[in-house]
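First comes the structure, then the notes that go with it.
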Amino acid sequence: MALNSAMHDIYLSMPVDANLMPELQGMPFWARTAHELLSALNPARLAEMAKNNQLEAYLVQQQAELSEQARKLERQWKQLNQLSMQAGLIERAVWQNHSKQYAREVLIDSMTRCMVDELGSITLANDYAKEWK
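Each residue of the sequence shown is one higher than the one before, starting from 1 at the first, in the UniProt record's numbering.
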């Protein structure tokens with residue numbers, strides 16, 4: 001996450017205990033991220049889903065959707081920012097990390113917008129990614 005990102009302060013202010021919560025143990029990156037954003041932006045909805053035993057299913061669904069969208073965004077970034085054939089190993093690693101960072105920032109921003117707007121789904125991420133072209 002970029003240091004000048006609007007999410008930087010929110011991300012840093014999230015409790016470290018969030019990684020130790022029973023519902024997050026063994027969950028992949030995007031499921032934990034969805035939980036952390038939901039706890040920061042809409043704790044009432046998080047509590048309601050936990051009470052109704054819908055939280056784990058929601059997190060699994062978000063993991064599936066977001067990981068697929070992240071792969072698409074990474075491919076899109078790589079197509080827009082092609083690497084020369086003469087690039088060395090370090091250059092390739094940096095290029096790969098930039099594509100992952102781009103996907104994360106776009107999706108986290110999209111998730112934040114959706115949660116603030118009470119949409120609850122991440123279907124707008126692809127539309128938002130088109131704005132970055």
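All C-beta atoms, glycine included, are put in the ideal place defined by N, C-alpha and C.
Going by DSSP in three states, residue i sits in which element: helix, strand or coil?
i: N97; result: helix
i: L83; result: coil
i: P43; result: helix
i: M27; result: coil
i: F109; result: Per the sequence shown, the amino acid found at residue 109 is Asp instead of Phe. Of the three classes helix, strand and coil, the one that applies to D109 here is helix, per DSSP.
i: Q76; result: helix
i: Q69; result: helix
i: Q54; result: coil
i: D117; result: coil
Taking the CB atoms as reference points, tell me whether residue i and residue j lie closer together than 8 Å.
i: L41; j: M49; result: no
i: R45; j: L38; result: yes
i: A103; j: E74; result: yes
i: K72; j: S99; result: no
i: residue 135; j: M27; result: The question about residue 135 has no answer here: the residues shown for the chain are numbered 1 through 133.
Segment contact flag, the stretch 89-96 with the stretch 59-73, C-beta cutoff 8 Å, min 3 pairs: no
Any 3 or more C-beta pairs closer than 8 Å across the stretch 32-49 and the stretch 107-116: yes
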